[in-house]
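What follows is a short report on a single structure.
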Amino acid sequence: MLVFKTVRELQQFLSTVASNSIGFVPTMGALHQGHLSLIEKSQQQNKLTVCSVFVNPTQFNNKEDLLNYPRNVLADIHLLENLDCDNEEKRIVLFLPSENEIYPNKIEKSYDFGNLSLVMEAQHRPRHFDGVAMVIERFFDIIQPTKAYFGEKDFQQLAVVRNLVKQLNLSVQIIGCPIVREANNLAMSSRNERLTSDQKEQAAHIYKFLQIAKQQAKTLTVEQVKNNFVNSIKNIPALQLEYLEIANGNTLTSIENWEDTTYCVAFVAVFVGNVRLIDNVTLFNFRKSILGSI
Ligand code: PAF
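First residue of the sequence shown? That's 0 in numbering that gives the first Met the number 0, and the numbers climb one at a time after it.
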């Protein structure tokens, strides 16, 4: 597999390939099945997939979190090489830039994503989405991808990236891909590597309680569903809830009554020890079910 460490080398290579079939999968490494599902999707849709591995310092509001973020480039390369990476029809190349390559001018930018800049992850991780947007804008500028792939586990990030593309009037198509889960239904995340096997078992309650919320959304009020979720998490000593939001899946505005939206998603951030996990489940999406049945 070809590995590029500088923008110049990568762009030199990209100038030799068809520019209308470049898929891009940005990652921070510690690759798992969730990332691989994005890469495989890109391989199905593009002749070339650029996968980046870059632990982006500007999106971490907590120094310790940045230091503790799992890194294992050799294992990442090994996983990518198992994906038929040199097949001309679905080639993968790896972009492994240094901080200087990505931020040569060290200029900090700020963005306005409206409500997306105010709620949930934005509220609990100040400047997180400025950092995500900075790095994604830079990557898009370097790679000029046709399509870019993001997981729905980071639902708010996906919404922010779509908004960024609209604001900058870019032609890249953003593809959201479903959450991939462990056998016990814990959403796959690089951060799971930092959990003990007991913590992983306890963390499986997050999805279990989200599924219960989905069932209860059929009969109980929003407030009752929220209270039940909060109390269930309180009963598991290993878990500490940071937030639970039940919101409109398009605007991410919290709802008070089910009638407030036709597309409703429950979002959570939960600490397991000092590892912060996020997850989400669609409670209902009437528009999709109506369109799906036509
Ligand atoms: O989701 C991630 O891993 C990161 O936020 C991303 C999109 C690679 C940007 O650094």
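Think of the CB as a built atom: it goes at the ideal place given N, C-alpha and C, for glycine as much as any other residue.
{"Asked": "Residues bridged to Lys146 [DSSP beta-bridge criterion]", "Found": "Gly22, Gln172"}
{"Asked": "Boundaries of the beta strand (DSSP E) in which Ala265 is found, first to last residue", "Found": "262 to 271"}
{"Asked": "Backbone CA spacing between Lys152 and Arg90 [nearest angstrom]", "Found": "26 Å"}
{"Asked": "Distance CB(Thr48)-CB(Val24) smaller than 8 Å", "Found": "yes"}
{"Asked": "Cut-off 8 Å between Cβ atoms - residues of its own chain near Cys176, not counting five sequence neighbours on either side", "Found": "Ser36, Leu37, Lys40, Tyr148, Phe149, Gly150, Glu151"}
{"Asked": "Residues sharing a beta bridge with Val274, DSSP", "Found": "Val271"}
{"Asked": "Every unbroken beta strand (DSSP E) within the stretch 169 to 233, with a cutoff of 3 residues, ordered by chain", "Found": "172 to 176"}
{"Asked": "Rounded straight-line distance, which links the Cα of Glu8 to that of Glu100", "Found": "11 Å"}
{"Asked": "Nonlocal neighbours in the same chain, by C-beta distance under 8 Å from Leu209, ignoring five residues either side", "Found": "Phe228, Ala265, Val267, Asp278, Asn279, Val280"}
{"Asked": "Every unbroken alpha helix (DSSP H) inside the stretch 36 to 119 [4 residues or more]", "Found": "62 to 67, 72 to 80, 98 to 101"}
{"Asked": "Sequence-distant residues of its chain with Cβ nearer than 8 Å to Met27 (five each side left out)", "Found": "Val52, Phe53, Val54, Asn55, Tyr68, Ser189"}
{"Asked": "DSSP state of Leu30 mapped onto helix, strand, coil", "Found": "coil"}
{"Asked": "Contacting residues, own chain, Cβ-Cβ under 7 Å from Glu88 (five flanking each side not counted)", "Found": "Lys46"}
{"Asked": "Nearest-angstrom Cα separation, counted from Cys50 out to His77", "Found": "13 Å"}
{"Asked": "Supposed close pair Asn114, Leu282 - CB separation, criterion 8 Å", "Found": "That pair is no contact at about 19 Å."}
{"Asked": "Rounded separation between Ala158 and Gln122 - CA only", "Found": "15 Å"}
{"Asked": "Nearest neighbour of Thr261, chosen from Ser253, Val179, Leu163, Gly248 [CA to CA]", "Found": "Gly248"}
{"Asked": "8 Å Cβ cutoff met for Val160 and Ile135", "Found": "yes"}
{"Asked": "Chain-order list of residues whose beta-carbon lies under 8 Å from that of Leu65 (same chain, five-residue window excluded)", "Found": "Val54, Pro56, Phe59"}
{"Asked": "For Glu244, three-class secondary structure by DSSP", "Found": "strand"}
{"Asked": "Option in Arg126, Leu117, Val118 with minimal Cα separation from Ser109", "Found": "Arg126"}
{"Asked": "Heavy atom of the ligand PAF within 7 Å of Asn55 beta-carbon", "Found": "yes"}
{"Asked": "Helix, strand or coil at Val16 according to DSSP, with G and I counted as helix", "Found": "coil"}
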